[in-house]
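Enquirer: FYI, the UniProt record's numbering numbers position 56 of the sequence shown as 56, with every residue one higher than the one before it.
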Amino acid sequence: MNSNSENTQPSLVSTHPTTFFYRPPNDFYHYHVSCKEISNDTVEHLLNKLLKESNVQSNENKCIFYYRQQYDNRLYQVSCEIVSPLMINNCLSKNFLGIEFQQNMEQENLMLTFDQKEYLEYHLKKYLSQYVLEIKN
C-alpha cells in the first residue's frame, strides 16, 4: 500500500472564517456576521446576566445569539448587523464600475424585527452547522 495515499485524501471538514457577510434565503438584507468563541466562564456570566435582565436584545439593528459548534462543542457568540443597502450599492459601483458617488451618507435607520432575528438565527445556525469555524490563536 502506498503511504502517500493517506496524506493526499481531502479533509472531510470544511473550515469557515469567523467574520463574514451572509444573506439568508428570501431576505432583502445582507448581514455582517462575527463569531467570537466564548469560554465557560463567559457562559456563566451571561446566564447570570440573563437572570437580571428582562430584555436581552434591546439593540434594534443587531441580532446576537449563541451557537455551539457540534464538531468540537466550542461555544460562540454570533453577532449580526444589517449592512446598509446604500453601502452595498456604493461598494459595487466603486469596485466593478470604478464610479464613486458623492451621495448623502446620512445614517439609515435599519431595524430588525423579532421575526427577522429569529429567521436570521435559524438560517445562520443551519448554515454554520455545515462548517467548522476557524480557530484564531
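The beta-carbon is built from N, C-alpha and C at its ideal position, and this holds for glycine as well.
Take the Cβ of Leu-97 as the centre, count every other Cβ of all protein chains shown within 10 Å, and call the residue buried at 16 or more, exposed below.
Expert: Classification of Leu-97: exposed, given that the 10 Å Cβ count is below 16.
Enquirer: Reducing DSSP to helix, strand and coil, say where Val-43 ends up.
Expert: Helix at Val-43.
Enquirer: So what does DSSP say about Ser-34, is it helix, strand or coil?
Expert: Correct three-state label for Ser-34: strand.
Enquirer: How would you call Val-78, buried or exposed, if buried means at least 16 neighbouring beta carbons within 10 angstroms?
Expert: With 16 or more Cβ atoms within 10 Å of its Cβ, Val-78 is classed as buried.
Enquirer: Would you call the region 12-30 in contact with the region 80-90, where contact means no fewer than 3 C-beta pairs closer than 8 Å?
Expert: Enough Cβ pairs lie closer than 8 Å, so yes.
Enquirer: What does the alpha-carbon distance come out to for the pair Glu-118 and Tyr-66?
Expert: Using only the alpha carbons, I get a separation of about 12 Å.
Enquirer: Going straight from the alpha carbon of Lys-49 to that of Ser-93, what length do you get?
Expert: For Lys-49 and Ser-93, the distance between alpha carbons rounds to 44 Å.
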